[in-house]
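Participant: Number 98 in full-length UniProt numbering belongs to position 98 of the sequence shown; there are no gaps in the numbering.
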Amino acid sequence: MARLLIFLPTVCAFIAFILSILCLFAGTKKDILSGADILTIYTSTLAAKKPGMHDFYSIHVMSYCEGFLDLNETGQRQTLTGCSNRTALFSFDPSEVLQKETGNTTSLANMGWPTAVSDDFRAFSITSKSMGVFYCIGVGTAGLVVLARLWFLLVKGPRQTIAEVSGLLISFTSLSIASIVATVIAFQFVSLINYHGKPSGVTARYGNQFLGMTWAAVGLLLVGGIASLLFVLVDRSRPDPRPEPEAEAVDEAKEPILYHEKDSDSVKTKVNTD
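(1) Any chance the segment 163-170 sits against the segment 136-148, with 3 or more Cβ pairs inside 8 Å?
(2) For the alpha helix (DSSP H) containing Leu-89, list its first residue and its last residue.
(3) Report the residue ranges of all alpha helix (DSSP H) runs contained in full by the segment 14-74; include only those spanning at least 4 residues, in chain order.
(4) Could you have a look at Thr-161 and say whether DSSP puts it in helix, strand or coil?
(5) With a CB to CB cut of under 7 Å and the five nearest residues on each side skipped, what residues in its chain are close to Thr-127?
(6) Grouping DSSP H, G and I as helix and E and B as strand, with all else coil, what is Gly-201?
(7) Within 10 angstroms of the Cβ of Pro-94, are there 16 or more other Cβ atoms? Answer buried if so, exposed if not.
(8) Using the rule of at least 16 other Cβ atoms within 10 Å of the residue's Cβ for burial, across every protein chain shown, is residue 302 buried or exposed?
(9) Does the segment 149-157 come close enough to the segment 15-23 to have 3 or more Cβ pairs within less than 8 Å?
(10) Could you have a look at Gly-82 and say whether DSSP puts it in helix, strand or coil?
(11) According to the neighbour-count rule (16 or more other Cβ atoms, all chains shown, within 10 Å of its Cβ), is Gly-82 buried or exposed?
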């Protein structure tokens, strides 16, 4: 069991990497997690009056998707018609999108669109663009942590290293900032759109699936970072194993004692003299 705990930081980093990838690329195509949006704006009331408009616009990290609402026996169903090109520095501008679709080049207020909503999106445009950058940093560092651990396994390196701890903390910080920005945009914009757009029939809702995935990734990175740091501290607190001195050879060849004839004769002479 203790050996399996060594892989806890790597497993957490890998799962967080997958979740972050899904959050980053959700909605870049119609068949890639189009339901995992930050928030969705519903404009069906205005679309019924103005041809060219769509019934809803789903905002994601790097793109937005649009479509129509269909009524069937089970209730209301969303039908996507397309998604915009993905870009890391993405910021949704409803005025630009609606003017392009309706051909209205003057003012959207004439068709009932609340201009306060457009002003709010412009005010948060830089913040929205930074969100994609922080997601890219978090995804990249989490992936590097996983690759580093695979390398250390091949070369039989230490259980955890300072580099892995640093990578997990950087990824955790980046994804935390991105998740906070996404949460603020989701709740704040939904509140503003519902408040300003109620007279015009424009409503919004935030995406539970996206918020759940992004905060789950943040939580996993926090657990993995703490576990990795504890492994490093425990390993450093242990005394360094010192190799035992090798037993030296004690049976050395002794030189034979040589007796010279001169010495023996002198001894004999001395004895006889005495």
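Built from N, CA and C at the ideal position, the CB exists for glycine as well.
Facilitator: Let me lay it out:
(1) With the cut-off at 8 Å, the segment 163-170 and the segment 136-148 touch.
(2) Residue mapping note: residue 89 aligns to position 89 of the sequence shown, counting from 1. Counted as a single uninterrupted DSSP element, the stretch harbouring Leu-89 is not any alpha helix (DSSP H), since DSSP gives it neither H nor E.
(3) If we require 4 residues or more, the alpha helix (DSSP H) runs fully inside the segment 14-74 come out as 44-49.
(4) Taking the sequence shown and counting its residues from 1, one reaches residue 161 at position 161. Coil.
(5) Sequence index remark: in the sequence shown, residue 127 carries index 127 (1-based). These residues qualify, in order along the chain: Val-181.
(6) In the sequence shown, counting from the first residue as 1, residue 201 sits at position 201. Coil, per DSSP.
(7) Position 94 of the sequence shown holds residue 94. With 16 or more other Cβ atoms within 10 Å, it is buried.
(8) Nothing in the structure corresponds to residue 302, since the chain is present only between 1 and 274.
(9) Verdict: no, contact absent.
(10) Within the sequence shown, residue 82 is the residue found at index 82, counting from 1. In this structure, Gly-82 counts as strand in the three-state DSSP scheme.
(11) The count along the sequence shown starts at 1 and reaches residue 82 at position 82. Around the beta carbon of Gly-82, fewer than 16 other beta carbons lie within 10 angstroms, which makes this residue exposed.
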